[in-house]
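Peer 1:
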Amino acid sequence: MSGPARSIAVEVAQRIRRVLDTRGLTVEWLSDATGIKLRTLTRRLHLTKPAGLTVDELNAIGGALDVAPGVLLRADQSDAIAASEWTPDPPC
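Note that my numbering gives residue 51 to position 51 of the sequence shown, counting from 1, and the numbers run on in steps of one.
Pasting the structure below:
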C-alpha cells in the first residue's frame, strides 16, 4: 500500500485509536467486542504503517464503537465521536 491509500489508512487508524483513548478503551477490548483477532487489529491500527482495514472489519469496529463506519473515514467527525458520551457494554 502506498500513496493516498496509505495516508487514508493512517488517518483511519489514528481516528479509531483516538476514539478508544478518549473513551478509555483498549485494542484488547475492541478485539473482544468485534471478534477480530488482537494481532490482526494491532497490525490494522498501527499508527505509522497500518495494514489497512477491510470493509467487514470497519463495519465491526463501527458497530462496537456505536459509530457509523463512514464517520470513521471522515476527518471532520472524529473529534465529535471521541467526545460523545458512550459507555461500552461490559465484556462477557
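Don't be surprised by glycine CBs; every beta carbon is placed ideally from N, CA and C.
1. What is the DSSP secondary structure of I8, counted as helix, strand or coil?
2. Check whether the Cβ atoms of V27 and L41 sit closer than 8 Å, and answer yes or no.
3. Hey, how far is the Cα of I61 from the Cα of L45?
4. Tell me the DSSP secondary structure of D66 in three-state form.
5. Would you kindly work out how many angstroms separate the C-alpha atoms of D21 and D56, rounded to a whole number?
6. Nearest-angstrom Cα distance between A75 and P50?
7. State yes or no: is the C-beta of T34 within less than 8 Å of the C-beta of A64?
Peer 2: So, to answer that:
1. Here I8 sits in helix by DSSP.
2. Note that the C-beta distance between V27 and L41 is below 8 Å.
3. The C-alpha of L45 is placed about 11 Å away from the C-alpha of I61.
4. In the structure shown, D66 falls within a coil segment according to DSSP collapsed to helix, strand and coil.
5. So the two alpha carbons sit approximately 22 Å from each other.
6. If you take the alpha carbons of A75 and P50, they lie about 17 Å apart.
7. It is a contact, given that the beta carbons lie within the stated cut-off.
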